[in-house]
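Heads up, the thing below is written out as structure tokens.
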Amino acid sequence: MTSPLVGVGLYSIQEASGLTGIPTQKIRRWMYGYKASKSGKQPPLWTSPVTESVEDSISFQDLLEIRFVYAFRKHGVPLQA
């Protein structure tokens, strides 16, 4: 029996940062959520089955999505959109 992660393409947060130029802190916040001081815990932007299975890793699909989010943010699109 093979692992469901075979063929997914796994990247550490550091590798993803190096490939995209996006700071590791931003990637972690988007992928894992964060604790906000006034509004409580902010959830991740999307749920990835990889982040639940492999700690501190993202999939190739997640890598593409963070690139799109980063590009939209650079053009002023809010995260809520």
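Numbering-wise, the sequence shown is residues 55 to 135 according to the working numbering. In this text, a Cβ means the ideal position worked out from N, Cα and C, and glycines have one as well. No experiment lies behind these values; they were computed from the predicted model shown.
Let me know the secondary structure DSSP gives residue 76 once reduced to three states.
-> By one-based count along the sequence shown, residue 76 stands at place 22. Coil at residue 76, not helix or strand.
What are the start and end residues of each continuous alpha helix (DSSP H) run of 4 or more residues lying completely inside the segment 82-126, in chain order?
-> Entirely contained in the segment 82-126, the alpha helix (DSSP H) runs reaching 4 residues are, in chain order, 103-107.
Cut-off 7 Å between Cβ atoms - residues of its own chain near residue 81, not counting five sequence neighbours on either side = Along the sequence shown, read from residue 1 onward, the residue named residue 81 stands at position 27. If we look at residue 81 and ignore the five residues flanking it on each side, its Cβ neighbours are 67, 70, 71, 120.
Presumed contact (8 Å Cβ cut-off) between residue 104 and residue 62, rounded CB distance = For the purposes of this step, residue 104 is taken as residue 50 along the sequence shown, with counting starting at 1. For the purposes of this step, residue 62 is taken as residue 8 along the sequence shown, with counting starting at 1. Sure, about 6 Å apart at Cβ, within 8 Å.
Look up residue 57 in the DSSP assignment and say whether it is helix, strand or coil.
-> Numbered from 1 along the sequence shown, position 3 holds the residue referred to as residue 57. Note: residue 57 maps to coil in three-state DSSP.
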